[in-house]
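Worksheet: one structure, shown below.
Chains as they are written, first to last, in the working numbering: chain R, 4 to 176; chain D, 4 to 176.
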């Protein structure tokens, strides 16, 4: 799929077919995620593939907006490793860039996905750390729930002139 | 350009030709950025197009890694509007997803760009707020410096098996 088409037609997909996602396709999507830029090329990310139903049920119980995980073939949890940072505090940006690559790669492969937020909601961070036995220095950023789409969502254009400024904040004139 | 090709061949470009970037192409790239997902669809982003040489010089003086801005046709500063957040603290993730779309869109258009970090380095945030007259609730996240590339950078693959885990953190076994 062409880049601009992928960007303009991708939407959050929350309903999935009962059909597995092949391992080689998951790897292709992860490889795309890992090509993201990161601060000082620190590549602070880790990826946890979630297919186990017990883990899915636990996730459902600790996050208010991730109920669909139990009906999805998989989730991919993106975590940041703060010990890898060369400049402190940038890991959420690194992991968000990786997440966006991942979502685009899924969409261009015919999959549907949705980014559900964890960090910086402290309670969610702690619960996900518990569920996945994450060490102290590994922080869960967000979970992409993914599968073959069982819904289609219209992708309206979002361009808004009012959000574009030239050389200074226009509201200050 | 095909999505996976764009993702796998994009690299940070810091040297540019002395050649303008047409306004309609800038708009196309901004439209791609604004198609990013955002937490509860809050679209917390703003974009400041920087072409003015005085602004570029000021930026160069306050950021250690952005000297190339004075030789680039433009920069695009992405800022978050914290008053638009439906869930507090997620705006850097929204703006990072928009930044990643922007970088991919630039690359697929034949441009080169590099994401330079501002937030959460407090001193940089304050200086950029001053330079661009940003109100209290608008926080600069990062600056994309952009132009027609005058260098080519080889895009090595970054996939690493060791960063992939299945259903639990593998280090805890």
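For every residue, glycine included, the Cβ atom is placed at its ideal position computed from N, Cα and C.
**OP:** Could you please give me the residues that DSSP links to residue 163 (chain D) through a beta bridge?
**Re:** In DSSP, residue 163 (chain D) forms no bridge with anything.
Original post:
Is the shortest distance between the beta-carbon of residue 147 (chain R) and the beta-carbons of chain D less than 8 Å?
Top reply: no
Original post:
When we look at the beta-carbon of residue 26 (chain R) and count the other beta-carbons within 10 Å, is it buried (16 or more) or exposed?
Top reply: exposed
Subject >> At least three beta-carbon pairs within less than 8 Å, the segment 65 to 83 of chain R to the segment 141 to 161 of chain R >> reply: yes
Original post:
Hey, does residue 161 (chain R) have any beta-carbon neighbour from chain D nearer than 8 Å?
Top reply: True, the Cβ-Cβ gap to chain D drops below 8 Å.
**OP:** Using a Cβ-Cβ cut-off of 8 Å, state whether residue 39 (chain R) counts as contacting chain D.
**Re:** yes
Original post:
Is the Cβ of residue 42 (chain D) closer than 8 Å to any Cβ of chain R?
Top reply: yes
Original post:
Taking any Cβ of chain R, which residues in the segment 47 to 62 of chain D have a Cβ under 8 Å from it, in chain order?
Top reply: 48, 49, 50, 51, 52, 53, 54, 55, 58
Subject >> Nearest candidate by alpha-carbon position, reference residue 19 (chain R), set R:166, R:165, R:162, R:154 >> reply: R:154
Original post:
If you run the structure through DSSP and keep just helix, strand and coil, what is residue 93 (chain D)?
Top reply: coil
Original post:
residue 104 (chain R) CB to nearest chain D CB: under 8 Å?
Top reply: By this cut-off, residue 104 (chain R) is an interface position.
**OP:** Check the DSSP bridge columns for residue 188 (chain D) and list the partner residues they point to.
**Re:** Here chain D comprises residues numbered 4 to 176, so residue 188 (chain D) is not present and cannot be evaluated.
Subject >> Minimum Cβ-Cβ distance from residue 171 (chain R) to chain D less than 8 Å >> reply: yes
Original post:
residue 5 (chain D) CB to nearest chain R CB: under 8 Å?
Top reply: Cβ-Cβ to chain R under 8 Å: yes for residue 5 (chain D).
Subject >> Neighbour-count burial assignment, residue 60 (chain D), 16 or more Cβ in a 10 Å radius >> reply: exposed
Subject >> Contact with chain D by residue 150 (chain R), beta-carbon distance below 8 Å >> reply: no
Original post:
In terms of alpha-carbon separation, which member of D:10, D:110, D:149, D:14 lies closest to residue 44 (chain R)?
Top reply: D:14
**OP:** Determine whether the Cβ of residue 140 (chain D) lies closer than 8 Å to any Cβ atom of chain R.
**Re:** no
**OP:** Name the two residues that bound the continuous alpha helix (DSSP H) containing residue 128 (chain R).
**Re:** 125 to 134
Subject >> Within-8 Å CB hit, residue 143 (chain D) to chain R >> reply: no
Original post:
So, is residue 97 (chain D) buried or exposed, given that buried needs 16 or more other C-beta atoms within 10 angstroms?
Top reply: buried
Subject >> Euclidean distance between Cα positions of residue 156 (chain R) and residue 67 (chain D) >> reply: 43 Å
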